[in-house]
Amino acid sequence: MEIPDMDDFRKVFLKYTKMAFESLPNIDTPKILDVGCGSGVPTIELAYLSEGEIIGLDVDQKELEKFKEKIKKLGLKHRIKAVNTSFFHNNYSDESIDIIWAEGVFYISGYEKSFRESYRILKENGFLVMVDTLDRIESKFSGIKGMLDILAKLGFKLYNQVKWIENAWWIEFYQPLELMLKKLRDSKIDPMLYKHLTKHENEISMIKKSPKKYDCAHYILQKIKKK
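What the sequence shown shows, in the working numbering, is residues 15 to 241, in sequence order.
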């Protein structure tokens, strides 16, 4: 039995990446910055969806090395760069980026700080595409309206929203992972060969208990003049 990489499971969410990107207006050869790119699953998809230059930022060198190997293998070195740096210590000048992509990272780095830096480096009318859970938006901003009020002051408006299916993390990611782990154990394969899967067992239990709490959406925000 072939033992999958975790990236094989993450690819199921690329359909939402595609839906979000295709809801943007056409931009010729856009410069796209993927913040917290990790091993580059959505970053590579963005290269296929656009004709632009893609930069993936992350501080995890191990994941970036994995990403660089993918870039080389796919022959995309002329289109994609993997850079080890914090979003807040980048070298990008004001109004130099067309699209910022941030899947599940702004709640870690800090929303307002991240929005401000996004505003600085985005071109006029540029786009910030942020993935977050509906629950987190509700608790942090008292819902989407509260978030939009803050965003308006920071220079953004909601351009579009792409909601994932209900219970997506459980149905599309963790349940298949749980089933794969069961098959591997039933096959009596050496557990060390799929240690990279077993380390996610606590997450499986957590998501299984309350799947709706982790429902997500792509929030597509456009840069506007600050109020």
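Ideal Cβ placement from N, Cα and C applies to all residues, glycine included. Here the structure is a predicted model, which means the values were calculated and not measured.
- When DSSP states are grouped into helix, strand and coil, residue 216 belongs to the helix group.
- Here residue 191 is not near residue 235, since their CB atoms are 9 Å or more apart.
- Proximity of the stretch 220-230 to the stretch 144-152 meets the contact definition, three or more beta-carbon pairs being nearer than 8 Å.
- Residue environment: residue 19 is assigned as exposed (fewer than 16 neighbouring CB atoms within 10 Å of its CB, all protein chains considered).
- Out of 119, 106, 54, the CA that lies nearest to the CA of residue 137 is found in 106.
- Excluding residues up to 5 positions away in sequence, 183, 184, 188, 228 lie with their Cβ nearer than 7 Å to the Cβ of residue 221 in the same chain.
- Shown here, residue 154 sits in a helix according to DSSP, grouped into three states.
- Counting along the chain, the unbroken beta strand (DSSP E) around residue 111 starts and ends at 111-117.
- In this structure, residue 212 and residue 195 form a Cβ contact; the two beta carbons are roughly 7 Å apart against a cut-off of 8 Å.
- Shortest Cα-Cα distance from residue 174 to any of 16, 240, 25, 35 involves 35.
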